[in-house]
Structures are given as structure tokens and as C-alpha cells.
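In the UniProt record's numbering, the protein residues as written are 1 to 148.
Backbone N, C-alpha and C define an ideal beta-carbon position, used for all residues, glycine too.
Nothing here was measured: the structure is a model prediction, and the numbers come from that model.
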Amino acid sequence: MEWQIKSFTELGKEELYEILKLRVDVFVVEQECPYPELDGKDDIAYHLIGRNNDEIIAYSRLFLPGDYFKEAAIGRVIVKEEYREKKIGTEMLEVSVDFLIDEKGARDIKLSAQNHLREFYGKHGFEPVSEVYLEDGIPHIDILRKYS
Numbered sequence: 001m002e003w004q005i006k007s008f009t010e011l012g013k014e015e016l017y018e019i020l021k022l023r024v025d026v027f028v029v030e031q032e033c034p035y036p037e038l039d040g041k042d043d044i045a046y047h048l049i050g051r052n053n054d055e056i057i058a059y060s061r062l063f064l065p066g067d068y069f070k071e072a073a074i075g076r077v078i079v080k081e082e083y084r085e086k087k088i089g090t091e092m093l094e095v096s097v098d099f100l101i102d103e104k105g106a107r108d109i110k111l112s113a114q115n116h117l118r119e120f121y122g123k124h125g126f127e128p129v130s131e132v133y134l135e136d137g138i139p140h141i142d143i144l145r146k147y148s
């Protein structure tokens with residue numbers, strides 16, 4: 001696995017297309033969620049890209065404090081279906097947290113996670129800070145990892 005973190009302006013056209021296709025494949029098609037995937041926040045996010053041989057197989061967006069939530073944030077977390085259950089999500093989460101804490105000085109990190117993944121995130125120090133709610137028809141919960 002090779003990990004890269006890029007700002008929006010550092011993404012190439014083909015790279016951006018591959019990322020957006022992966023997001024639509026997972027969040028719209030696989031999850032049967034007919035809601036707009038593009039939310040106007042890609043230009044203020046950092047983009048964590050995980051590659052296996054030149055193929056993008058994992059991705060997340062990283063936000064500095066105040067750009068999405070009051071806290072730093074991780075979102076649009078994806079591992080391509082055929083690569084799940086291989087600990088790539090764990091590695092991606094560690095890279096995301098290290099970048100936000102060590103390189104950007106964030107103290108707390110928030111996610112709006114799909115509720116069925118709360119145990120996964122709980123193993124990595126994230127605790128629920130909201131009740132379960134529906135976002136685009138899918139149960140979500142806000143979770144937070146505190147560093148302050």
C-alpha cells in the first residue's frame with residue numbers, strides 16, 4: 001500500500017475522476033443511496049489516497065478544525081469492496097489521525113460514521129457524541145476522538 005495526502009489543487013484530472021468514481025460506486029450504487037455525492041467541500045479538504053499498484057483502493061477526506069465541524073474531521077471513508085477485511089481501513093484511519101494530529105496540530109477528531117461501523121471506530125478511540133440519526137436514509141452517529 002502506498003498512501004498520499006493531497007490538497008484539492010494537487011489532484012490530477014484522472015486521479016480526481018478515479019476518486020469520484022470510487023465514491024459514487026460505493027456511496028450511491030453499492031449503498032443504494034440516490035443522493036448527491038458531491039457536496040461542495042472537496043476543495044477545502046485534504047484527500048488521503050491509498051493505492052495498490054497504481055489502483056486507488058482506499059480514500060478519505062480530511063478537514064482541519066472549523067472547515068467541516070468545530071473539530072478536525074474525517075469523512076468519505078472508503079475501502080474498495082474486494083479489499084475489505086484486510087486491515088486497510090485500520091491503516092487508513094491511523095494515517096488520517098497521524099496527519100491531522102502530528103502535521104496539522106488538531107486536538108480532537110470527529111466523524112459522522114455509519115452506525116454499523118461504530119464498533120470499528122470504537123476500537124480506535126472514537127466515542128459516540130450523538131444519538132443515531134438518519135443521513136440520506138442511512139443510520140449514522142457522530143463520534144469523537146479526544147486529544148485535548
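Taking only the alpha-carbon atoms, compute the straight-line gap between residue i and residue j and give it to the nearest angstrom.
{"i": "Lys104", "j": "Ile88", "result": "23 Å"}
{"i": "Cys33", "j": "Val24", "result": "9 Å"}
{"i": "Glu37", "j": "Val28", "result": "7 Å"}
{"i": "Tyr83", "j": "Val97", "result": "21 Å"}
{"i": "residue 227", "j": "Tyr133", "result": "There is simply no residue 227 to check, as the chain begins at 1 and stops at 148 in what is shown."}
{"i": "Leu16", "j": "Lys41", "result": "14 Å"}
{"i": "Phe69", "j": "Asn53", "result": "34 Å"}
{"i": "Ile101", "j": "Gly125", "result": "14 Å"}
{"i": "Glu10", "j": "Phe99", "result": "17 Å"}
{"i": "Gln114", "j": "Tyr46", "result": "21 Å"}
{"i": "Met92", "j": "Glu131", "result": "26 Å"}
{"i": "residue 152", "j": "Gly12", "result": "Lying before the first or after the last residue shown, residue 152 is absent from the chain, which here runs from 1 to 148."}
{"i": "Arg118", "j": "Glu18", "result": "27 Å"}
{"i": "Glu14", "j": "Ala58", "result": "16 Å"}
If I measure Cβ to Cβ from residue i and keep anything under 7 Å in the same chain, skipping five residues before and after, which residues do I get?
{"i": "Asp67", "result": "Ile44"}
{"i": "Gly137", "result": "Cys33"}
{"i": "Val26", "result": "Ile78"}
Where do the ends of the alpha helix (DSSP H) carrying residue i lie?
{"i": "Ile19", "result": "13-23"}
Report all residues from its chain with a CB closer than 8 Å to the CB of residue i; omit the five preceding and five following residues, and keep chain order.
{"i": "Val129", "result": "Lys110, Asp142, Ile143, Leu144"}
{"i": "Glu30", "result": "Glu81"}
Assuming the contact rule is C-beta atoms closer than 8 Å, residue i and residue j should be a hit. Round their C-beta distance to whole Å, please.
{"i": "Arg61", "j": "Arg76", "result": "5 Å"}
{"i": "Leu64", "j": "Ile5", "result": "Not confirmed; about 12 Å, so no contact."}
{"i": "Leu22", "j": "Ile56", "result": "6 Å"}
Starting from residue i and walking both ways along the beta strand (DSSP E), at which residues does that stretch end?
{"i": "Asp142", "result": "138-145"}
{"i": "Ser7", "result": "2-7"}
{"i": "Ser96", "result": "Careful: Ser96 lies outside any beta strand (DSSP E), inside the alpha helix (DSSP H) at 88-98."}
{"i": "Phe63", "result": "55-63"}
{"i": "Glu119", "result": "Run containing Glu119: none in the beta strand (DSSP E); it sits in the alpha helix (DSSP H), 118-122."}
{"i": "Leu111", "result": "109-114"}
{"i": "Leu38", "result": "Unbroken run through Leu38: none, as it is neither H nor E."}
{"i": "Leu84", "result": "Per the sequence shown, the amino acid found at residue 84 is Arg instead of Leu. Arg84 -> no beta strand (DSSP E), and no H or E assigned at all."}
For residue i, which residues in the same chain have their Cβ closer than 6 Å to its Cβ, ignoring the five residues on either side in sequence?
{"i": "Phe8", "result": "Asp42, Asp43"}
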